[in-house]
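What follows is one structure encoded as C-alpha cells, with my remarks underneath.
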Amino acid sequence: MAKLTFYGAVTGVTGSMYLLQTDRSTLLLDCGLFQGRREEEEGNRKALPFAVTDIDAIVLSHAHLDHSGRLPLLAREGFSGSIYMTRPSCDLIEVLLKDAASLQERDVEWENKRRRRSGKEEIEPLYCLDDVEETLNHCRGVSYYQRTNITENVDICFKDAGHILGSAIVEIYINERGVEKKLVFSGDLGNSQAALLRDPDSVEQADVLLLESTYGDRNHRTMNETLEEFSDVIAAASENGGNILIPSFAVGRTQEIIFRLGELYQKGDLRHLVIYLDSPMAIAVTEIYHRYQDVYNTEHKATIESSSSAVHAKGKSLHSFLPILRYSTSTEESMALNKIERGAIIIAGSGMCNGGRIRHHLKHNVWRKQSHVIFVGYQAHGTPGRALVDGATHFRIGGDEIAVKASIHTLGGFSAHAGQSQLLDWLSHFNGSKPRLFLVHGEDNAKDTLAAVAEKSGWQPHIPGEGEAITF
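Position in the sequence shown (from 1) plus 841 gives the number in our numbering.
As C-alpha cells, this is what we get:
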C-alpha cells in the first residue's frame, strides 16, 4: 500500500508539500514556502516533519516559491537525491531561489540590527545562497509528456498545466507487487483565458487525484470584460494625469501584462505613456520566457511575430512587441521613478505588496487621487495587497502611514489560476470510475464551495487536514 501525507497547502494556498511513501521509495511532491501573515510564515522555521535523508527523490510541479521555496532547506539538511521538474522550471527556480535567499539575508541583517539594540538573540536566515547553489546541483529537467523512471518503482510524467512557464500536472505511476497505481497532482491549473501559455492538458484516469482549489468558489470575469476595464483604467489615468501601479508576480502575471499592454500599444491606445518594468527578477524571468516560446499557444505566438514592431525587431520577443517598455534594474533607476508624477505605468513586485519595490512606489503614489493601482493576481489573507483590495484607508510602510486616495482596481480575469467552472471542466475529462478526490491549495470557503459543487457531478471530494495520511 502506498501512503500519502498532506503537509502543506492544506489550510491555505501556500506551503505546498506532500510526502509519498511506497514499499520501496519515499518521494516528496513540492516543497514550498508558507506566505502571508507573520504567524503563517513562521511555519517555514519549524522542523520538517520527516527525515530528509529518507527522501529518495523530489518532484516539483512548478517554480513559484509557494511550491519550491523550501527546497534549499532540504539541501542544507543533507538531501542527496534528484529534484525532477520541467526544463523551463529548472531555469526559473534558479532566479527565484537566489532572489529569495538574498531577500532573507537582507531582512535578517536588518532584524538583527534591531535585536542587537534591544539586547535580543540574533537569528539566522532561513537559508543562504550556498544552500541554493547546492539545491540547483540536484535539479533535473524533464520534457513534457516523457514518462521517466525516478526510483526503483516510481515513474512520473509531466503534462502542461498552463499556469506559468514550465508548470506541470504531475502523473505519478507506482508499481507495487506487480500492480500499478496512478496518483495525479493537478499542480496549479492555468486560466484558459490567459495569454501566451497553452490551456491545461486534460487527464483521463487516476486512482488518487489532488486538485487545487484556489478559485473553487468563483469564476473569473471574461477576458473581453477584463481587457475593456484595463483599457478604461489606462484611459482614465491618461486623462487625469496620474500614474498606474501594477503590483505583479515576477513569474507569469508580469509577462501576461506585458503582452496585454503590447496589444493595446499595437492598437495605438498607449499614446503619451511609458511603461517601466521595475524588478530585476521579473526582467530575468521575462528573458527566460523569451527562450521558451515553443510552449506558447499558437495564437499569441503568431500575434507577437506578426506585429509591425516585432517584424523589424531582432528576436520577436515580448519586449519588441511593446517597444515603449523600459527595464529598471538598479536601485537608482527605481528611485528615479518616484519623481514621475504622471504618464507612467510601473510594474513591480511583489504581487501582494508584502515586499519589493512596489511598496516604495505605493508610498509615493497611493495618496494621490489621480493614481490608479491595478491588482492582477490573487491576494492572500494578511497581505498588504489584500488589505488594499478590501478597502484599507491607510497603507503602512516602515514607520509611515500613508492615506489611500488612489483608485484601486482588481482585474480577476488576469488570474493565472483556473476559476471554478474551469476546474469542473478539467474534472469532467476523467473516464470510467472517478478517482479519490482530495482538494488542496485553497482557502476554506473555496474548498468547501468546490466540494459541494463537485458532489453534484458525482464526485466524493475530501478536504484533508494538515498531517493527515491516506493509503491506496
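Ideal Cβ placement from N, Cα and C applies to all residues, glycine included.
Any non-hydrogen atom of the ligand FAD within 6 Å of residue i CB
| i | result |
| --- | --- |
| S923 | As for the ligand FAD, it is missing from this structure, which has no ligand bound. |
Nonlocal neighbours in the same chain, by C-beta distance under 6 Å from residue i, ignoring five residues either side
| i | result |
| --- | --- |
| S1027 | I1010, L1052, E1053 |
| T867 | D895, I896, D897 |
| D1001 | Y985, R1039, D1042 |
| N1060 | G1260, Q1261, S1262 |
| E881 | F875 |
| H1153 | Unreliable positioning characterises H1153 in this predicted model, as indicated by a pLDDT of 49, which lies under 50. The coordinate reading is nonetheless provided below. Answer for H1153: no residue qualifies. |
| W1208 | I1243, A1244, K1246 |
| W1137 | What sits at residue 1137 in the sequence shown is Tyr, not Trp. Closer than 6 Å at Cβ, skipping near neighbours: L1037. |
| L1050 | V1025, P1276, L1278 |
Residue i to residue j span [Cα, whole Å]
| i | j | result |
| --- | --- | --- |
| A1036 | H903 | 18 Å |
| V851 | D1285 | 9 Å |
| D1135 | H1205 | 40 Å |
| D1119 | L1159 | 16 Å |
| H908 | K1297 | 30 Å |
| S1212 | N1081 | 9 Å |
| G853 | S1147 | 42 Å |
| F1271 | D1241 | 53 Å |
| L977 | V1025 | 25 Å |
| I1243 | E883 | 27 Å |
| S923 | A1247 | 48 Å |
| G1019 | D1048 | 16 Å |
| E1182 | H1258 | 34 Å |
| G1226 | E975 | 33 Å |
| A892 | S921 | 12 Å |
| R955 | E962 | 10 Å |
| G1083 | S1033 | 32 Å |
| T863 | G1109 | 58 Å |
| K1288 | T1055 | 8 Å |
| T1224 | D1231 | 11 Å |
| S1274 | F1313 | 15 Å |
| L1268 | P890 | 31 Å |
| A1292 | D1266 | 14 Å |
| A1189 | I1249 | 16 Å |
| N859 | L970 | Before going further, note that residue 859 is Tyr rather than Asn in the sequence given. Taking the straight line from one Cα to the other gives about 25 Å. |
Cβ neighbour criterion (16 or more within 10 Å) applied to residue i
| i | result |
| --- | --- |
| I813 | With the chain represented from 842 up to 1313, any question about residue 813 goes unanswered, as that position is not in the structure. |
| R865 | exposed |
| Q1301 | exposed |
| W951 | exposed |
| V1217 | buried |
| P1305 | buried |
| T1139 | exposed |
| H1004 | buried |
| E911 | For the record, residue 911 in the displayed sequence is Arg; it is not Glu. It is buried - the Cβ of R911 has at least 16 other Cβ atoms within 10 Å. |
| D1073 | exposed |
| T1234 | exposed |
| P913 | buried |
| H1387 | Because the chain in this structure spans residues 842 to 1313, residue 1387 falls outside the shown range and cannot be described. |
Top-ranked residue by Cα proximity to residue i, from the options
| i | options | result |
| --- | --- | --- |
| G1253 | H1141, L1268, I1187, Q1220 | Q1220 |
| I1215 | S1148, A1125, T1095 | T1095 |
| P1121 | T1144, F1100, A1091, Q1134 | A1091 |
| I1145 | G877, I1099, D1110, K1180 | I1099 |
| V1115 | S1161, I1186, P1276 | I1186 |
| L1105 | K844, L845, F1071 | F1071 |
| V936 | Y1130, L869, S959 | Y1130 |
| A888 | R1101, W1208, I1165, L967 | L967 |
| R1112 | A1076, G1196, S1171, L1050 | A1076 |
| A1123 | I1165, S1079, D1110, G1197 | G1197 |
| L915 | D940, H905, R886 | R886 |
| E1128 | Y859, L1102, G1093 | G1093 |
| D940 | G877, D972, S959 | D972 |
| V1294 | P1276, G1308, L1264, R1277 | L1264 |
| L1102 | E1021, A1078, L1166 | L1166 |
Own chain partners of residue i with C-beta closer than 8 Å, once the 5 adjacent residues on each side are dropped
| i | result |
| --- | --- |
| I997 | V900, Y925, V983, R988, T989, I991, V1011, E1012, I1013, Y1014 |
| A1310 | K844, L845, T846, F847 |
| H1141 | A1036, L1037, F1100 |
Same chain only: Cβ atoms within 7 Å of residue i, ignoring 5 sequence neighbours per side
| i | result |
| --- | --- |
| R1200 | C1194, I1238 |
| E1097 | A1035, A1036, L1037, F1255 |
| N1179 | H1201, H1202, H1205 |
| S1169 | Y1117, L1118, D1119, S1175, L1178 |
| T927 | G982, V983, Y985, F999, G1007, A1009 |
| S857 | G849, A850, D871, G873, D907, H908, H1282 |
| A1143 | none |
| G1184 | H1113, L1114, V1115 |
contact_flag[the region 1078 to 1090, the region 920 to 935] where n(CB pairs < 8 Å) is 3 or more: Contact check between the region 1078 to 1090 and the region 920 to 935: fewer than three CB pairs, one atom from each, fall below 8 Å, which does not count as touching.
Validate contact between the region 938 to 945 and the region 1057 to 1066 using beta carbons, cut 8 Å, 3 pairs: Fewer than three Cβ pairs drawn from the region 938 to 945 and the region 1057 to 1066 lie within less than 8 Å of each other, which leaves the two stretches out of contact.
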